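Be aware that the sequence shown starts at 5, since it is given in this note's numbering, and climbs by one per residue. Idealized CB from N, CA, C, for every residue including glycine. Note that this is a predicted model, so its numbers are computed, not measured. Here the structure is laid out as structure tokens; the discussion comes afterwards.
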Amino acid sequence: MSSGRPLVAVALMQLQTKPYRSASGDCSRTTIDSGNAYPDRWDQKTLKLLVFNPSLDWDVESLDIQGTTEIQGTTEHVALPTDNGEFICATTFSSSRAEDQELICAITYQSGVTRIISFQAGNYEWPSHVIWESNDGAFSFVRSISAGDVDEDGEAEIVIGTKPNGTVLYLDKTDDGYCETILDRNSHGIGCTNTREVLIADVDNDGALEVIATNAQASDAAKWARTPGSITVYKKYEENWRRHVVDDFSGETHSRMFVVGDVLGTGTRQLVANVVGVFDERSLSVMPPSALVIYEDGGSSPGRQTIDILQSAVKARGMAIAHIDDNGRPTLVVGTRGLDLDGYRRSQLVAYRYNRLTGWSSQEIDYSGEMGFHTVAAADIDNDGRDEIIASDDERGLIKCYKKTSQGWRKKVIYDAGSRIFVSSICPIPSSG
Ligand SMILES: [Ca+2]
Ligand SMILES: [Ca+2]
Ligand SMILES: [Ca+2]
Numbered sequence: 005m006s007s008g009r010p011l012v013a014v015a016l017m018q019l020q021t022k023p024y025r026s027a028s029g030d031c032s033r034t035t036i037d038s039g040n041a042y043p044d045r046w047d048q049k050t051l052k053l054l055v056f057n058p059s060l061d062w063d064v065e066s067l068d069i070q071g072t073t074e075i076q077g078t079t080e081h082v083a084l085p086t087d088n089g090e091f092i093c094a095t096t097f098s099s100s101r102a103e104d105q106e107l108i109c110a111i112t113y114q115s116g117v118t119r120i121i122s123f124q125a126g127n128y129e130w131p132s133h134v135i136w137e138s139n140d141g142a143f144s145f146v147r148s149i150s151a152g153d154v155d156e157d158g159e160a161e162i163v164i165g166t167k168p169n170g171t172v173l174y175l176d177k178t179d180d181g182y183c184e185t186i187l188d189r190n191s192h193g194i195g196c197t198n199t200r201e202v203l204i205a206d207v208d209n210d211g212a213l214e215v216i217a218t219n220a221q222a223s224d225a226a227k228w229a230r231t232p233g234s235i236t237v238y239k240k241y242e243e244n245w246r247r248h249v250v251d252d253f254s255g256e257t258h259s260r261m262f263v264v265g266d267v268l269g270t271g272t273r274q275l276v277a278n279v280v281g282v283f284d285e286r287s288l289s290v291m292p293p294s295a296l297v298i299y300e301d302g303g304s305s306p307g308r309q310t311i312d313i314l315q316s317a318v319k320a321r322g323m324a325i326a327h328i329d330d331n332g333r334p335t336l337v338v339g340t341r342g343l344d345l346d347g348y349r350r351s352q353l354v355a356y357r358y359n360r361l362t363g364w365s366s367q368e369i370d371y372s373g374e375m376g377f378h379t380v381a382a383a384d385i386d387n388d389g390r391d392e393i394i395a396s397d398d399e400r401g402l403i404k405c406y407k408k409t410s411q412g413w414r415k416k417v418i419y420d421a422g423s424r425i426f427v428s429s430i431c432p433i434p435s436s437g
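Okay, structure coming up:
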């Protein structure tokens, strides 16, 4: 299959509550807790790894993440745990040596098993193999995954971020399998550190890839209360790693998402992050508010610039750098999340553009309810030289594609789950043709 157009992979959890069965056998009410849009336990959570084909009107295929799969380098097959699983996240890797595209996902099962499975993309078949697993719960809950060829041998190195041990685990592919290096662990306390996101990228523009992670202290405090955390860059010098804290937010708050790319259009990459707002119970407002900030030089020079203060949001999580305009300039696309609170119930999908003379401007692409747009990606899915935006509207169970036209933004629902979803990753898979 060589359509010349990318595929789009999406990792998500579908959340459903089962009808409540009373003693009389009635089956009429559900157990949704209206006060909390995402209770910790859902009656039914279904993990899915979907692949959309925009060339076939967004035809969707669900990859088998619960069948049997091969162990790498052998013909031995292992059965995956049959429990529904706790969490799934995904990333892609394109080898510089071959045309192969890999779709790599990390699945945390309820039994405590964690597995990383690689799917070979670009065919109607999606052969899969297990590339790493942990059976003892040591790495517990894998919240995020990224891949990149750090040592430039054509094979993917992988980094995962976990909770509640806050592990940043680097997996270096060798002839004997994956060599594990723990880059960080428990930095905000033993068993109470959540690594939120990890990324392999050249954040300091020196031509070599670094690992970037953002974490936060886990606590029993109310959600959106003051939670310290930090953004850290891990840089490899021969066989050693050096750790550099880009921002600790003065212990006041943390970041839950960042992207690396040339959002200013200067020809170098910058680090763009969201600073999470703090809910203040007394004033019933978010104070200090959430902000979008930018760090240059990989955060090695101190200070950050503010792109925008998000007045009606508690955070932004979905972020992507896109090329959607004819002038070739970059656009930062951001999905916000609100709160069940007056003035915060409207979330937005916003395009930010930077102009050297006039600064930042913003344009609303779409809006939704308080849960907002959790995951956002950009890809040129119709090969016209400009990116389209793919974003999840989690509360409504929708995934949409947005195309900029001369008449404004054209929206298309490409997936309707029929119930709430939690989308962890949207991964464009470049065309191999
Ligand atoms: Ca490599
Ligand atoms: Ca670098
Ligand atoms: Ca396009």
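C-alpha gap between residue i and residue j, whole angstroms
i: GLU450; j: VAL154; result: Past the boundaries of the shown model lies residue 450; the chain is included only from 5 to 437, so the question cannot be answered.
i: SER66; j: VAL55; result: 6 Å
i: SER59; j: PHE283; result: 44 Å
i: ASN278; j: GLU80; result: 44 Å
i: ASP3; j: GLY281; result: Residue 3 lies beyond the stretch modelled for the chain, which goes from 5 to 437, so this question has no answer here.
i: ASP251; j: SER191; result: 14 Å
i: ILE328; j: GLY141; result: 43 Å
i: THR96; j: ILE108; result: 6 Å
i: LEU11; j: THR310; result: 34 Å
i: ARG200; j: ALA220; result: 7 Å
i: CYS31; j: ILE69; result: Only weak support is given to the placement of CYS31: the predicted model assigns it a pLDDT of 35, under 50, and the value that follows is read from those uncertain coordinates. Rounded to the nearest angstrom, the two C-alpha atoms are 31 Å apart.
i: THR185; j: ASP206; result: 19 Å
i: LYS239; j: ASN387; result: 36 Å
i: VAL1; j: PRO85; result: Residue 1 lies beyond the stretch modelled for the chain, which goes from 5 to 437, so this question has no answer here.
i: LEU288; j: TRP228; result: 12 Å
i: PRO306; j: GLU300; result: 9 Å
i: ARG357; j: GLY363; result: 8 Å
i: ASP63; j: ALA13; result: 12 Å
i: ASN169; j: GLN411; result: 49 Å
i: ARG424; j: ASP210; result: 42 Å
i: ASN331; j: LYS407; result: 16 Å
i: PHE426; j: LYS404; result: 14 Å
Whole-number beta carbon distance between residue j and residue i, since they are thought to touch under 8 Å
i: VAL318; j: ILE298; result: At roughly 20 Å, the Cβ-Cβ gap does not stay under 8 Å, so VAL318 and ILE298 are not in contact.
i: ASP208; j: GLY269; result: Incorrect: roughly 18 Å between the Cβ atoms, too far for contact.
i: HIS1; j: GLY342; result: Because residue 1 is not part of the residues shown, which for the chain are 5 to 437, the question remains open.
i: THR118; j: GLU106; result: Not a contact, Cβ separation roughly 18 Å.
i: ILE235; j: THR218; result: 5 Å
i: GLU159; j: LYS177; result: 5 Å
i: SER372; j: ALA355; result: Rounded, the Cβ-Cβ distance is 16 Å, inconsistent with contact.
i: ALA222; j: ASN198; result: 5 Å
i: ASP344; j: GLU374; result: 6 Å
Proximity winner among the options, relative to residue i (alpha-carbon distances)
i: VAL202; options: ALA222, ALA421, SER259 and LYS227; result: SER259
i: HIS248; options: LEU187, LEU175 and VAL264; result: LEU187
i: GLY116; options: ASP370, PHE145 and PRO131; result: PHE145
i: ALA295; options: SER423, ARG308 and VAL134; result: ARG308
i: LEU275; options: LYS52, GLU103, VAL380 and GLU214; result: GLU214
i: ALA110; options: PHE91, ALA125, SER98 and TYR128; result: PHE91
i: GLY233; options: MET261, ALA212 and GLY211; result: MET261
i: CYS431; options: ILE385, ASP312 and ARG400; result: ILE385
i: SER98; options: VAL82, GLU392 and GLN124; result: GLN124
i: THR73; options: TYR113, ILE121, ARG101 and GLY89; result: ILE121
i: ILE194; options: CYS183, THR166, ASP180 and ASN359; result: THR166
i: ASN57; options: ASP104, GLY71, ILE75 and GLY8; result: GLY8
Contacting residues, own chain, Cβ-Cβ under 7 Å from residue i (five flanking each side not counted)
i: SER316; result: GLY342, GLY347, TYR348 and ARG350
i: VAL263; result: VAL276, MET323, ALA324 and ILE325
i: VAL237; result: VAL207, GLU214, ILE216, HIS248, VAL250, GLY302 and GLY303
Contact set for residue i: own chain, Cβ-Cβ below 6 Å, skip 5 residues either direction
i: THR50; result: GLN18
i: LEU402; result: VAL417 and ASP420
i: ALA242; result: It should be noted that the sequence gives Glu, not Ala, for residue 242. No residues qualify anywhere along the chain.
Own chain partners of residue i with C-beta closer than 8 Å, once the 5 adjacent residues on each side are dropped
i: CYS504; result: Because residue 504 is not part of the residues shown, which for the chain are 5 to 437, the question remains open.
i: PHE143; result: THR118, ILE164, THR166, ASN169, THR171 and LEU173
With a floor of 3 residues, list each beta strand (DSSP E) that falls wholly inside the region 155 to 228, ordered by position along the chain. Within the region 155 to 228, the complete beta strand (DSSP E) runs of at least 3 residues are 161 to 167, 172 to 178, 181 to 188, 197 to 205 and 214 to 221.
Continuous beta strand (DSSP E) assignments of at least 3 residues falling wholly in the region 255 to 303: Restricting attention to beta strand (DSSP E) runs no shorter than 3 residues, the region 255 to 303 encloses them at 259 to 265, 274 to 279 and 294 to 299, ordered along the chain.
For the region 331 to 413, which segments carrying the alpha helix (DSSP H) assignment without a break, of at least 4 residues, lie completely within its bounds, in sequence order? none
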